[in-house]
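Residue numbers (my numbering): 1 to 423.
Heads up, the beta-carbon is just placed ideally off N, CA and C, and yes, glycines get one too.
As the structure is a prediction and not an experimental result, all values here were calculated from the model.
This report concerns only the one structure given below.
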RNA sequence: AGAGGAGUGGCAGAGUGGUCGAAUGCGGCGGUCUUGAAAACCGUUGUACCGCAAGGUACCGGGGGUUCGAAUCCCUCCUCCUCUGCCA
């Protein structure tokens, strides 16, 4: 969430930023934030004062008791009863102001970076670059949902039987391809300096709030109600929460982690032609990279992460493009996001396979993720993350783009992991 | 899952109702001494909020309660340890 001080000190910039995202009623909401904060401060000042008075009387009582002056002590007790009542009232006022403030701040998205342009939807995103050539498949252009049947490598019907729609079963070379991609992505990330972690794939409420899935997107996560745990929608959640309530030292920055996890998304109510096959699933595999950086270096880190993700796509020999998302299409918590899309030659469309974002202090403020700077002051770190990469659409593109009459050719970099050259 | 025990500052560890934001040791930082280092000695060393400041308030696993006053008493939840059970 945004810092109240930022809203106070840079009111106009914040307002302009929110307008870029088409955030409604920005002015009124920001004004309300400041009013709530004033209310919070006023009640705290008063409460602290009365509490101090009460504390000193209590000390006095203790002193009198020790001296055996019981009557005087009793007399003072009467005084504190009244104070106590007032303190309680102010306390309630204070915490209700604080809660309202927090609830309101949760509804305000991050401020877009200056390079982010205004826009309403995906149509307004900027194409930053395109790379690779789109294959000409001529006559035989089977979409991946046909190819997986032809070669019997991914079975949706079996998944329906076992769990439901959107939970495919990977079989034989299909399963092997999954494992190869995961290992390839992890090895590449380690070579690029990311430290691998294997986090839990369920998280508690605190973690959900820490990275912003709660209270916002509660319905998007599978919820194990008996234990009040949520299946993770992305490894971002458990990995970033490693650093919740942590003060790291400046020398430890940047912190770079990578993790492979399955991801679970309920994605209620969006079915149709665009989401056939592997395009959208309830369970999928993803390797995620996370960085925690010094505020001065986060945009440099973002560019590096973008290049890193592109290097993976290049090695997989997939044609891709990079988008800089417009204000309206960017995630709630992000300040700047690049989307990487690969071209899926049979579907003849671009598929998003990665989203690389800088959250600046938006997440770290909630997480209380800080570092001590040179002057021994604690300040919020910046958090970033990106998919590197999400598997299903990569698989879809590999299958579609590399299909030949004699089978589907596997990218060279994967062959050592696969142990075969084609499906 | 059952029985018992325990959670205190970066770490170890005292503290069972007032003088405790908290002894002591270790570690960290600064200094004295030294050519330099070690040792020794001296000082310093949590976080957040309110306040222009002086200063104040809160925090001893989380939440709630008793009391004029809670690290200390009560309730509840969480976590860890020991034993028993179950189990990859």
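Report task. Using the Cα positions of residue 296 and residue 254, report the straight-line distance between them to the nearest angstrom. Result -> 11 Å
Query - Closest residue to residue 424 among 234, 121, 29 (Cα-Cα distance) - result: This structure leaves residue 424 out entirely; the chain is present only between 1 and 423.
Query raised in the report: Where in the stretch 286-354 do unbroken runs of the alpha helix (DSSP H), each at least 4 residues long, occur, reported from the N-terminal end onward?
Result: 298-315
Query raised in the report: Does the beta-carbon distance from residue 382 to residue 293 come in below 7 Å?
Result: yes
Query raised in the report: Who are residue 439's beta bridge partners in DSSP?
Result: This structure cannot speak to residue 439, because the chain is shown only from 1 to 423.
Query raised in the report: Can the beta-carbon of residue 328 be found less than 7 Å from the beta-carbon of residue 17?
Result: no
Report task. Have a look at residue 258 and residue 96 and give me their C-alpha separation to the nearest angstrom. Result -> 39 Å
Query raised in the report: Would you call the CB atoms of residue 389 and residue 184 closer than 7 Å?
Result: no
Query raised in the report: What is the rounded straight-line gap between the Cα of residue 11 and the Cα of residue 111?
Result: 11 Å
Report task. Check whether the stretch 312-323 touches the stretch 129-140, taking contact to mean three or more Cβ pairs, one atom from each stretch, closer than 8 Å. Result -> yes
Report task. Apply the 10 Å Cβ neighbour rule to residue 291 and answer buried if 16 or more other Cβ atoms are within range, or exposed otherwise. Result -> buried
Report task. Assuming residue 202 and residue 177 form a contact by the criterion Cβ under 8 Å, report the distance between their Cβ atoms to the nearest whole angstrom. Result -> Actually they are not in contact, since the Cβ atoms of residue 202 and residue 177 sit about 27 Å apart, beyond 8 Å.
Query raised in the report: What residue does the beta strand (DSSP E) around residue 126 start on, and which one ends it?
Result: 126-131
Requested in this report: Quick one: residues in its chain with C-beta nearer than 6 Å to the C-beta of residue 137, no 5 flanking neighbours on either side, listed in chain order?
Outcome: 345
Query raised in the report: Which two residues bound the contiguous alpha helix (DSSP H) that contains residue 419?
Result: Looking at the DSSP string, residue 419 is not in any alpha helix (DSSP H), and its letter there is neither H nor E.
Query - DSSP-derived helix/strand/coil call for residue 107 - result: coil
**Report entry** residue 196 in three-state terms, based on DSSP
**Finding:** strand
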